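This report refers to the structure that appears directly beneath it.
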Amino acid sequence: MSVPSSCDVIVVGSGNAGFSAAVSAAQSGARRVLLVDKCPEDWAGGNTYFTAGAYRTVHQGLPDLLPIVNNVSPSQAKKIELSPYTEEDFHNDLKNVCSGRSDPELASTLVSESNEAIKWLASNGIRFQLSFNRQSYEVDGKIKFWGGLSLKTQDGGKGLIADHLAAARRHSVQVIWSTALVGIMPPKHPDGDVIVTVKKDGVNSTISAKGVILAAGGFESNARMRSQFLGPGWDMAMVRGTPYNTGECFEIAIKSLDAQPVGNWSGCHAVAWDANANPHVGDRVASNEYTKSGYPLGLMINTEGKRFVDEGVDLRNYTYAKFGRAILAQPEQTAFQIWDAKASPWLRPEEYREERVERIMANSLEELADKCQARGLRDRDAFVHTIREYNEAVYAHRRENASAALKWDPAVKDGLSTQSSSKQLALPKSNWALALDQGPFLAVKVTCGITFTFGGLKVDPQKAQLIGATTGRPIPGVYCVGEMLGGLFYQNYPGGSGLTSGAVFGRRAGRAAAQRAAAPRDRDIPTTLSKL
């Protein structure tokens, strides 16, 4: 497909945010919408393809979500416990998880428009489901959702991108693959065109557009930039997703547009990741299944035989994106996740089945230590001691609270811990503390998998329009969404809020870009007609 010389709106990037922006622009009246991505077509979707497709949204409970999901039977609906997730809940989660640093206007827009954006996506053909496998446990006959997150897309990120591609085709969005942004020039006057230079098949072409939406992802696939901005050792992190998010669009925007960098440039989303995965690129087949998020049900122990995080400090949705950093800080950037026979049946099969991960099995803790030693464990005696001391702390807590109505429940913060008056660990496990004392035992080896970076560019929350560093004013015709938008997430993020951000601000940017594209034509139409 040839590169056109002009269009109304050009979107750079084929992830959730990019496709949301492109379809929004087309729905808002832009007649010629072009989406370009430097990746080949078989890598369509950016990092979105590698997600579980989870969206965090405000909702009023199960009746509010049932109309947009396709996987709930009447009998299931009667068993589901799904409390409303209010705007206050979402705001509090952002505040608590991101240390109160989120830009208040961006946060307010994200929260207040989350429900509308999800339903808009559904109207565009995005197939939503309740996330039974990832966000619920069946306890006492009830399907209990937890962590403020209940929605995912059918077939995860793979299905989400398939649905986005179909929506783009229906809206006549032109998509050109293997086409990289290499330059951008702002308009010479406020109503003028933005001039974009792209490279396809080694040839540079210029495209004039009224609106340009940058949605090209972060720099998580660039080892040099990771070391430069995230710090020493981050070149050793494994890449969870696309190899094409390498940060050039940041550098182009900062250099050519004087775009203002904002946000947590030393922060990122990073998870516990299969240590045997390809370190440089995600797997298009396995996708998100290399994530290893069952640690709240067990322990994580480093190669020196020591624990290094409180595995039960909070629900997984609020810790998994920061615990990858904790693993990266361990010797050899690796650790072992450990469970016994009581907890292992609760692990998600898509992450822990034999076909997906090396399962290290043993009938005793000593045998497990020997097998882990063959896979990088340095101090087997410390490993066994750590688990036995943990077990003693669990037993002591149970004895002291024998009369209390405490019950192990993975769907809530159950208060079952290692801390009592007679025995306390220096590093507690605050919830879901089950003794590891029933064989067979299971271990898997994990490392740090980086998902996306938090640093980005400053935008006007109303239109997601790029802000100039020198002027402090919006740059005409240029918008920024997705991972490139800075100021929302700091140190951590509430699970599922990244895709929601892409939809909320992508939709806004597409609408604003289409309005700018229509404005010159509107001035040529008599006022009486333009109001029709």
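Take 1 as the starting number for the sequence shown in our numbering and just add one per residue. We treat Cβ as the ideally placed atom computed from N, Cα and C, and that holds for glycine. The structure displayed is predicted, hence computed values, not measured ones.
| Asked | Found |
| --- | --- |
| For E351, write down the residues that DSSP places opposite it in a beta bridge. | None; E351 has no bridge partner. |
| To the nearest angstrom, how far is it from the Cα of D524 to the Cα of V12? | For D524, the pLDDT reaches just 33, beneath the cut-off of 50, and the residue's location in the model is therefore unreliable, leaving the point undetermined. |
| Assuming contact is defined by CB atoms lying nearer than 8 Å, are G294 and T451 in contact in what I supplied? | no |
| Which of the three DSSP states, helix, strand or coil, is assigned to L149? | coil |
| For Y493, which three-state DSSP category applies? | coil |
| Quick check: what's the CA-CA separation for W146 versus A22? | 33 Å |
| Pull up the distance between the alpha-carbon of A54 and that of S131, whole angstroms please. | 8 Å |
| Within this structure, are the beta carbons of Q330 and V444 separated by less than 8 Å? | no |
| Applying the 10 Å Cβ sphere with the 16-neighbour rule, what's the burial state of K255? | exposed |
| Could you tell me whether any Cβ in chain B is nearer than 8 Å to the Cβ of G61? | The structure shown contains no chain B, having only a single protein chain. |
| On the DSSP bridge list, what partners appear for P474? | I467 |
| Tell me whether K119 sits in a helix, a strand or coil according to DSSP, three-state version. | helix |
| Spatial neighbours of L106 within its chain, please: CB distance less than 7 Å, with the 5 preceding and 5 following residues excluded, ordered by chain position. | P461, G487 and L488 |
| My output table needs one value for Y85: the three-state DSSP class, helix, strand or coil. | strand |
| Could you give the DSSP three-state label for Y318: helix, strand or coil? | helix |
| Pull up the CB-CB distance for T197 and G183, whole angstroms please, since I reckon it's below 8 Å. | 4 Å |
| Tell me the residue span of the alpha helix (DSSP H) that contains F250. | E248 to L257 |
| What are the partner residues of W339, as DSSP defines its beta bridges? | L442 |
| What residue range does the beta strand (DSSP E) around T179 cover? | T179 to M185 |
| Using 10 angstroms around the beta-carbon of R169, count the other beta-carbons present and answer buried if the total reaches 16, otherwise exposed. | exposed |
| Which residue from Q260, A393 and A44 puts its Cα closest to that of G534? | Any property of residue 534 remains undetermined from this structure, which presents the chain solely from 1 to 532. |
| Could you name the residues of the same chain whose beta carbon sits closer than 6 Å to that of P243, not counting the 5 residues immediately before and after it, in chain order? | S221 and V281 |
| Round the Cβ separation of T51 and G157 to the nearest angstrom and send it over; I've been treating them as touching at under 8 Å. | 4 Å |
| In angstroms with no decimal places, state the Cα-to-Cα distance between T500 and Q135. | 17 Å |
| Report the start-end ranges of each beta strand (DSSP E) in the region 343–401 that is 3 residues or longer and not cut off at the edges. | 360–362 |
| Ignore the nearest five residues each way along the sequence and tell me which others in K463's own chain have a CB closer than 7 Å to its CB. | Y479, R508, A509 and A512 |
| State whether the region 166–181 contacts the region 17–32, with contact taken as three or more CB pairs (one from each stretch) at a distance under 8 Å. | yes |
| Rounded to whole angstroms, how far is the Cβ of T418 from the Cβ of A405, which I believe are closer than 8 Å? | Not quite, the Cβ-Cβ distance comes to about 19 Å (not below 8 Å), so this is no contact. |
| For V12, write down the residues that DSSP places opposite it in a beta bridge. | V36 and L214 |
| Does DSSP classify G449 as helix, strand or coil? | strand |
| If I follow the unbroken beta strand (DSSP E) through T197, where does it start and stop? | V194 to K200 |
| Check this for me: beta carbons of G534 and S75, under 8 Å apart or not? | Residue 534 falls outside the range modelled here, since the chain spans only 1 to 532, and no answer is possible. |
| Kindly indicate which residue of N124, I207, E88 and G29 has the alpha-carbon position closest to the one of I10. | I207 |
| Less than 7 Å between C-beta atoms, sequence neighbours within five positions excluded: which residues of the same chain meet that for K458? | Q260, V262, I467, G486 and G487 |
| Could you say which of I301, Q228, P190 and I475 lies nearest to L257 if we only look at CA atoms? | I475 |
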